[in-house]
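Engineer: For reference, the structure I am asking about is given below.
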Amino acid sequence: MISGQPIDSLKLQAELEALLTDYSTWRMASPFALVFFFGSRLAIVTKALFQHMTNFIPVVGVTFIAVVRTNLTWWQGILIVVALILIITFIVAFLAYRRFRFRITNESIAVKSGILRITQTDVRWERVRAVNLERGPVERALGLAQISLDTAGTEEAEVQVPAIKLQLAELLRAKVSMDSTTSESVEQEVSSEGRQMYGMKLFPLIKASVCTPGTLTLMAAMLAAFSGFTATMQNMLDYDDNGENEVFWVNALNIAEQYYMSFAEFVQRVTTIPVTQSWLGMAVPGFLAIVMVIAALFAARAIYFCVTNYDLRLLRRDDTLSTIRGLFTKKRTNIKLERVQSVSLKINVRELGLKLCRLTAKQSMSGKEHMLSLPSVPTSVRDEIVALASLEAGSRLRLDPKLQEFQPISIVYLFRLLIAPTLIPFFAILIPTLFLDYQWLIWVWLAYLGVWMPINVTEAIVRWRKAGYVLDSSSMISKSGLLGYSLDMGKLKKVQRVRIEQSFIQRFTGKSTLTVFFATTHIVVPYLARDRAIQLHDYISHVITVRDTEWL
3 MISGQPIDSL
13 KLQAELEALL
23 TDYSTWRMAS
33 PFALVFFFGS
43 RLAIVTKALF
53 QHMTNFIPVV
63 GVTFIAVVRT
73 NLTWWQGILI
83 VVALILIITF
93 IVAFLAYRRF
103 RFRITNESIA
113 VKSGILRITQ
123 TDVRWERVRA
133 VNLERGPVER
143 ALGLAQISLD
153 TAGTEEAEVQ
163 VPAIKLQLAE
173 LLRAKVSMDS
183 TTSESVEQEV
193 SSEGRQMYGM
203 KLFPLIKASV
213 CTPGTLTLMA
223 AMLAAFSGFT
233 ATMQNMLDYD
243 DNGENEVFWV
253 NALNIAEQYY
263 MSFAEFVQRV
273 TTIPVTQSWL
283 GMAVPGFLAI
293 VMVIAALFAA
303 RAIYFCVTNY
313 DLRLLRRDDT
323 LSTIRGLFTK
333 KRTNIKLERV
343 QSVSLKINVR
353 ELGLKLCRLT
363 AKQSMSGKEH
373 MLSLPSVPTS
383 VRDEIVALAS
393 LEAGSRLRLD
403 PKLQEFQPIS
413 IVYLFRLLIA
423 PTLIPFFAIL
433 IPTLFLDYQW
443 LIWVWLAYLG
453 VWMPINVTEA
463 IVRWRKAGYV
473 LDSSSMISKS
483 GLLGYSLDMG
493 KLKKVQRVRI
503 EQSFIQRFTG
513 KSTLTVFFAT
523 THIVVPYLAR
533 DRAIQLHDYI
543 SHVITVRDTE
553 WL
């Protein structure tokens, strides 16, 4: 097949039938698929450790005990634990590879997966929204590809088949998306299909990596996990129980003190500041260590962002948008504008300063591999994509937080935001003040009135002023945020259901909460006037009833 040349449906069917003769019965994946199974299992382990930092407790605990109670150094203990994790992960991946089977016919695709429990998944091609291709260095060198199917209503890819022939992968994608071209590689396919709407060069990539969210949250999770680990170890090894545990804790404290003093002396040599001469000075190395850890986390997330989003390109061909990205693994994602259920916009503080935003267009509840995700792109790209999605739905709304048409939320919502963070601490301080005569409660009141109240009142006011909604005859947008902004837009013709509910406060004030449910998200408008909520509910329900297009 010649790159970039159109093929008709008969030729597509003929080529598919010729290739599928080898895949119509159950078969194992290519031996190179073992790389996929190992990488996916290792990604699961890494994600579990970094997303839930409390999972670090047993790992750190084993390393800590091994170092303190043996002659191992910290580096040796860490290397042994890492090696054990890699060995166990490889064994699990090898077993998963050996049990994996797949079958592809002209009507459906099926896979068998699992180790102890075998699961068979059959998906008919009519249910598939898109076939996405992913190619790493090994696949590109060997002419292979990994495919994943995006099906309606699933949160994860139902079917993933690694290391199949690139020609077959592209024919399957063409079968589903009705594309009229194919190619020998993802890179050639990009150059021959569609108009490039945006390309992220090196400097915009670095600037976008600075805006990567989640680093401070990761740091807080690490501190929480370390605190939990310390408490767990203290409960397990109470040094008052026996002399052996007392020796254990003495050795542990000596090791920690030794490392801290070495770092303090290094700081003193470099800066010529006598940090070891006073207790206040000894706090400087600890502060520097925290700064270094935060900087290292920022750098790690920025490097990961640059690797996964290297050479990001956004392309359009007719009613299809595509992205391709990746340094080592080239990943391409396709979505059709008519199938877009919702579009979301996120802007954090750094992106506000750099005039960037994160845009996500979803066509189903599948994972990230089946959604159009553009991290930290200029607002001009945002406007163009939203205009395409909105005009397809017959709307002219824009995902702009400064849009004048946004309707404000009732001031009752502001008082609702203030109740919990202000009244609960107030009574928690008031009760002991009435029954106990402690002088230090004066300082608690000062902290509450001088620090806690101003912070919470300011936060509530900002959240209330940034909240809002807007809709026209075709689309609806909600807005929220504190330091940044979060906007969600859904097409009314894609609405699945709409609901009105009232809390006790809302019944007392004559307000209601309107919730509009889509396949990929839901939009909540709190504290609407009851009559207005009923009016919107009836209108959206009418749109659902009379829509003349099939839900996609």
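The opening position of the sequence shown corresponds to residue 3 in the working numbering, with each subsequent residue numbered one higher. By construction, the Cβ of each residue, glycine as well, lies at the ideal position given by its N, Cα and C atoms.
Which same chain residues end up closer than 6 Å to Glu503 when comparing Cβ atoms and leaving out the 5 residues on each side of it in sequence?
Structural biologist: In the sequence shown, the residue the question calls residue 503 occupies position 501. Closer than 6 Å at Cβ, skipping near neighbours: Thr515.
Engineer: Which stretch, first to last residue, makes up the alpha helix (DSSP H) that contains Asn458?
Structural biologist: Looking up residue 458 in the sequence shown gives position 456. Unbroken alpha helix (DSSP H) run through Asn458: Met455 to Lys468.
Engineer: According to DSSP, is Pro206 helix, strand or coil?
Structural biologist: Residue numbering aside, residue 206 sits at position 204 when the sequence shown is read from its first letter. The answer is helix: DSSP assigns Pro206 an H, G or I state.
Engineer: Could you pull the start and end residues of the alpha helix (DSSP H) that Phe519 belongs to?
Structural biologist: Reading the sequence shown from its first residue, position 517 is the one you call residue 519. Taken as a continuous stretch (DSSP letters only), Phe519 belongs to no alpha helix (DSSP H), being part of the beta strand (DSSP E) at Lys513 to Phe519.
Engineer: Applying the criterion that 16 or more other CB atoms from any shown protein chain within 10 Å of the CB defines a buried residue, is Ala462 buried or exposed?
Structural biologist: Against the sequence shown, residue 462 aligns to sequence position 460. Ala462 should be labelled buried.
Engineer: The beta strand (DSSP E) with Gly201 in it runs from where to where?
Structural biologist: Walking along the sequence shown from the start, residue 201 turns up at place 199. Here the beta strand (DSSP E) through Gly201 covers Arg197 to Gly201.
Engineer: Cutting at 8 Å between CB atoms, please list the residues of its own chain near Lys357, excluding the five before and the five after it.
Structural biologist: Mapped onto the sequence shown, residue 357 falls at position 355. The residues are Pro380 and Thr381.
Engineer: Please report the straight-line C-alpha distance between Thr48 and Leu290, rounded to a whole angstrom.
Structural biologist: Sequence index remark: in the sequence shown, residue 48 carries index 46 (1-based). Sequence index remark: in the sequence shown, residue 290 carries index 288 (1-based). Approximately 27 Å, taken between the alpha carbons.
Engineer: Could you give the DSSP three-state label for Pro423: helix, strand or coil?
Structural biologist: Numbered from its first residue, the sequence shown carries residue 423 at position 421. The answer is helix: DSSP assigns Pro423 an H, G or I state.
Engineer: For Pro33, name the three-state secondary structure that DSSP assigns.
Structural biologist: Within the sequence shown, the letter at position 31 stands for residue 33. Coil.
Engineer: Compare the Cα-Cα distances from Trp28 to each of Ile111, Leu44 and Ile82 and report the closest residue.
Structural biologist: One-based indexing of the sequence shown puts residue 28 at position 26. Among Ile111, Leu44 and Ile82, the Cα nearest to that of Trp28 is on Ile111.
Engineer: In chain order, what residues of the same chain have a beta carbon less than 6 Å from the beta carbon of Pro423, not counting five sequence neighbours either side?
Structural biologist: If you number the sequence shown from 1, residue 423 lands on position 421. If we look at Pro423 and ignore the five residues flanking it on each side, its Cβ neighbours are Asn458.
Engineer: Work out the CA separation of Val388 and Thr274 for me, nearest whole Å.
Structural biologist: The residue labelled residue 274 in the question sits at position 272 within the sequence shown. The residue labelled residue 388 in the question sits at position 386 within the sequence shown. So the alpha carbons of these two residues sit roughly 56 Å apart.
Engineer: Under the rule that 16 or more other beta-carbon atoms within 10 Å means buried, what is Leu36, buried or exposed?
Structural biologist: The residue you call residue 36 lines up with position 34 of the sequence shown. Looking at its Cβ environment, which holds 16 or more other Cβ atoms inside 10 Å, Leu36 is buried.
Engineer: Is the beta carbon of Arg327 closer than 8 Å to that of Asn134?
Structural biologist: For the purposes of this step, residue 134 is taken as the residue at position 132 of the sequence shown. For the purposes of this step, residue 327 is taken as the residue at position 325 of the sequence shown. Going by C-beta atoms, Asn134 is not nearer than 8 Å to Arg327.
Engineer: With a cut-off of 8 Å on the beta carbons, I'd call Met199 and Leu316 a contact; round off their distance for me.
Structural biologist: Here residue 199 is taken as the residue at index 197 of the sequence shown, counted from 1. Here residue 316 is taken as the residue at index 314 of the sequence shown, counted from 1. With a Cβ gap of about 5 Å, Met199 and Leu316 count as contacting.
Engineer: Do three or more CB pairs link the stretch 491-500 to the stretch 421-438 at distances below 8 Å?
Structural biologist: With the cut-off at 8 Å, the stretch 491-500 and the stretch 421-438 do not touch.
Engineer: Which residues bound the beta strand (DSSP E) around Ile479?
Structural biologist: What you label residue 479 is simply residue 477 of the sequence shown in a count that begins at 1. Ser477 to Ser482 is the span of the beta strand (DSSP E), which, as asked, contains Ile479.
Engineer: What would DSSP say about Tyr450, mapped onto helix, strand or coil?
Structural biologist: Mapped onto the sequence shown, residue 450 falls at position 448. Correct three-state label for Tyr450: helix.
Engineer: Would you check if the stretch 338-345 and the stretch 197-211 touch, i.e. whether three or more CB-CB distances between them fall below 8 Å?
Structural biologist: The answer is no - the stretch 338-345 does not touch the stretch 197-211, with fewer than three Cβ pairs under 8 Å.
Engineer: Lys348: which of Leu401, Ala531, Leu168 and Ile46 sits nearest, CA to CA?
Structural biologist: Locating residue 348 in the sequence shown gives position 346, counting from the first residue. Of the listed residues, the one whose Cα sits closest to Lys348 is Leu401.
Engineer: For the beta strand (DSSP E) that Pro528 lies in, which residues bound it at each end?
Structural biologist: Counting from 1 along the sequence shown, the entry for residue 528 is found at position 526. Element bounds for Pro528: His524 to Ala531.
Engineer: Between Val83 and Thr75, what straight-line distance do the alpha-carbon atoms span, to the nearest angstrom?
Structural biologist: Within the sequence shown, residue 83 is the residue found at index 81, counting from 1. Within the sequence shown, residue 75 is the residue found at index 73, counting from 1. The alpha-carbon atoms of Val83 and Thr75 are separated by roughly 12 Å.
Engineer: Can you give me the Cβ contacts of Val472 inside the same chain, cut-off strictly under 7 Å, excluding the 5 residues immediately before and after it?
Structural biologist: Position 470 of the sequence shown holds residue 472. Within the same chain, Val472 has close Cβ partners Leu399, Leu405, Glu407, Phe408, Gln409 and Ile479.
Engineer: With burial defined as no fewer than 16 other Cβ atoms inside 10 Å of the residue's Cβ, what is the status of Val192: buried or exposed?
Structural biologist: Walking along the sequence shown from the start, residue 192 turns up at place 190. In this prediction, Val192 has a pLDDT of 41, which is less than 50 and means its spatial position is unreliable; nothing more can be read from the coordinates.
Engineer: Could you give the residue range of the beta strand (DSSP E) that holds Phe96?
Structural biologist: As a working mapping, residue 96 is identified with position 94 in the sequence shown. No beta strand (DSSP E) contains Phe96, which is instead part of the alpha helix (DSSP H) from Trp76 to Arg101.
Engineer: Tell me the rounded alpha-carbon separation between Arg352 and Ala297.
Structural biologist: As a working mapping, residue 352 is identified with position 350 in the sequence shown. As a working mapping, residue 297 is identified with position 295 in the sequence shown. The straight-line gap from Cα to Cα measures roughly 16 Å.
Engineer: So, with DSSP's three-state summary, where would you put Tyr312?
Structural biologist: Counting from one through the sequence shown, the residue named residue 312 turns up at place 310. Residue state, collapsed to three classes: coil.
Engineer: Since Leu116 and Arg100 should fall inside the 8 Å C-beta cutoff, what is the C-beta to C-beta distance between them, to a whole number of angstroms?
Structural biologist: The residue you call residue 116 lines up with position 114 of the sequence shown. The residue you call residue 100 lines up with position 98 of the sequence shown. For clarity, residue 116 is Gly in the given sequence; the question names Leu instead. Between Arg100 and Gly116 the Cβ distance is about 11 Å, and since that is not below 8 Å, they are no contact.
Engineer: Spell out the partners DSSP gives Pro380 in its beta bridges.
Structural biologist: The residue labelled residue 380 in the question sits at position 378 within the sequence shown. Pro380 is bridged to Leu358.
Engineer: Look at the alpha carbon of Leu438 and the alpha carbon of Leu451, and state the distance between them as a whole number of angstroms.
Structural biologist: Here residue 438 is taken as the residue at index 436 of the sequence shown, counted from 1. Here residue 451 is taken as the residue at index 449 of the sequence shown, counted from 1. Leu438 and Leu451: Cα-Cα distance of roughly 20 Å.
Engineer: Buried or exposed, going by whether 16 or more other CB atoms sit within 10 Å of the CB of Ser543?
Structural biologist: Stepping through the sequence shown from its first residue, residue 543 is reached at position 541. So Ser543 ends up on the exposed side.
Engineer: Are Tyr529 and Ile421 touching if we call contact CB-CB under 8 Å?
Structural biologist: As a working mapping, residue 529 is identified with position 527 in the sequence shown. As a working mapping, residue 421 is identified with position 419 in the sequence shown. Going by C-beta atoms, Tyr529 is not nearer than 8 Å to Ile421.
Engineer: Could you work out which residue in Met373, Tyr487 and Arg303 is closest to Gly355 when comparing CA atoms only?
Structural biologist: For this step, residue 355 is matched to residue 353 along the sequence shown. Ranking Met373, Tyr487 and Arg303 by Cα distance to Gly355 puts Tyr487 first.
Engineer: Give me the DSSP bridge partner(s) of Gly492.
Structural biologist: Residue 492 sits at position 490 when you count from the first residue of the sequence shown. Bridge partners of Gly492: Ser344 and Met478.
Engineer: What residues are listed by DSSP as bridge partners for Phe104?
Structural biologist: The count along the sequence shown starts at 1 and reaches residue 104 at position 102. Answer by DSSP bridge pairing, in chain order: Arg29 and Val113.
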